[in-house]
Every structure is written in C-alpha cells, then in structure tokens.
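Asks: To get the working numbering, take the position in the sequence shown, counting from 1, and add 79.
Where a beta carbon is used, it is the ideal one built from N, C-alpha and C, also for glycine.
Before I ask anything, let me first share the structure, which is written out below as structure tokens.
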Amino acid sequence: MELKSKSWKESYTQIERLVLPADTNVFSALYGGRLMEWVDNVASIVAFKHCRQGTVTGSIDSLFFLAPIHLGYIVNMKGRVNYTTKTTMEIEVDVSAQDALSGKERFTTKAYLTYVAVDVDGRPSPVPGLILDDDDSKERFKAGEDRSNRRLELLKSVKKEAQIFDDMH
80 MELKSKSWKE SYTQIERLVL PADTNVFSAL YGGRLMEWVD NVASIVAFKH CRQGTVTGSI
140 DSLFFLAPIH LGYIVNMKGR VNYTTKTTME IEVDVSAQDA LSGKERFTTK AYLTYVAVDV
200 DGRPSPVPGL ILDDDDSKER FKAGEDRSNR RLELLKSVKK EAQIFDDMH
C-alpha cells in the first residue's frame, strides 16, 4: 500500500518547559540527561504525527550542548521531519532557552534523531514520504540523506563490535 506523502508542517511540534529545581544539577543548570529526555519526547511526537503509528528511537546523533540552561529558564523545543526512508524518519530538534526575567533568549542545543515506525509486532513499517515544496525542504532532505548514509556506515561498525562482544560471552 502506497502511503500519501506529507508536508513537514503537518507534524511540526513546538513545546516549552520551565526549568525547575528538580531538573538541575549543583550548578543550577539543567541536567544534560533531562534535556535529552525532553528532546527525545519532542521528536517522538513529531514522528508519531508524521506516520500515525507506533515509533521507536533508532538513534540520537549530533546532539550538541552549546550553552547551559539555568534554573527558571523557559526551554523552547522545535521539532520537524527532515528526511524519510521506507521505514525511518530523521527528526531535527532545535532548542533555545529564555531567561524568564530578562526575556533574553539564546540557541542552546541541536539534535538529529532517527525514528523507526513499527507495527504491532514490533517490525519496521512503512512511513509516508515528505513533500519537498520549497528549497529549504529540499536542502534539509538532502542533508538528512547524507547524515543517514553516514549513520548506516557507523551502524555496520557498531554491529560488528556487538557481534564480537556477543561471541566472547
């Protein structure tokens, strides 16, 4: 069955969170792991909205922490689909943080996540393609394709390492 392609705009997701004391380390900065959880959550919503079926995180790569996010800041996370294959989607999540008192905002984090659509038995399942209706979408798709090819090469290496480990145990 051929799935109808969709625009990235149909699954675009923006979520804001306030950094509370339980989210911070001893320096009153947001735990990196907490932000990773939030980023993964945004990406999972984007993936689910794009394919309207179950999805799992396949990989998180190129996650960069560019600046700390402090207690009391408002974290703004924006996610979109950049690239699709038969069963996967690359989701880009951009994060900025705003000082709630001054209103000053800065870009803090960028991440690319790969999600795999799965059926009820947990097997990879087809996803809709992307409608590339402007130059930006086309550029993002091409860049996503390049990143996907690099991820697949890295995955081969990781699988070899896993096999060596399994053979030893």
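Using the C-alpha atoms, what's the distance from residue 193 back to residue 173?
Replies: Answer to the nearest angstrom: the Cα atoms are 15 Å apart.
Asks: Kindly give me the distance between the Cβ atoms of residue 94 and residue 168, rounded to whole angstroms, as I take these residues to be in contact under 8 Å.
Replies: The pair is not a contact, with the Cβ atoms about 18 Å apart (cut-off 8 Å).
Asks: Taking the alpha-carbon of residue 152 as reference, which of 175, 198, 160, 138 has the nearest alpha-carbon?
Replies: Here the closest residue by C-alpha is 175.
Asks: In three-state terms, what does DSSP make of residue 82?
Replies: Residue 82 falls in the coil class under three-state DSSP.
Asks: CB residue 105 to CB residue 150, shorter than 8 Å?
Replies: For residue 105 and residue 150, no; Cβs fall outside 8 Å.
Asks: Please look up how many angstroms separate the CB atoms of residue 131 and residue 117, rounded, as I've assumed it's under 8 Å.
Replies: With 8 Å as the limit, residue 131 and residue 117 do not qualify as a contact, their Cβ atoms being about 23 Å apart.
Asks: Quick one, which of 187, 220, 108 has its alpha-carbon nearest residue 142's?
Replies: Among 187, 220, 108, the Cα nearest to that of residue 142 belongs to 187.
Asks: State the Cα-Cα distance for the pair residue 123 and residue 113, rounded to the nearest angstrom.
Replies: Looking at the two C-alpha atoms, the distance is approximately 15 Å.
Asks: Starting from residue 227, trace the alpha helix (DSSP H) in both directions and tell me its first and last residue.
Replies: Residue 227 -> alpha helix (DSSP H) spans 214-247.
Asks: Please state whether the Cβ-Cβ distance between residue 224 and residue 162 is less than 8 Å.
Replies: Cβ distance < 8 Å, so residue 224 and residue 162 count as in contact.
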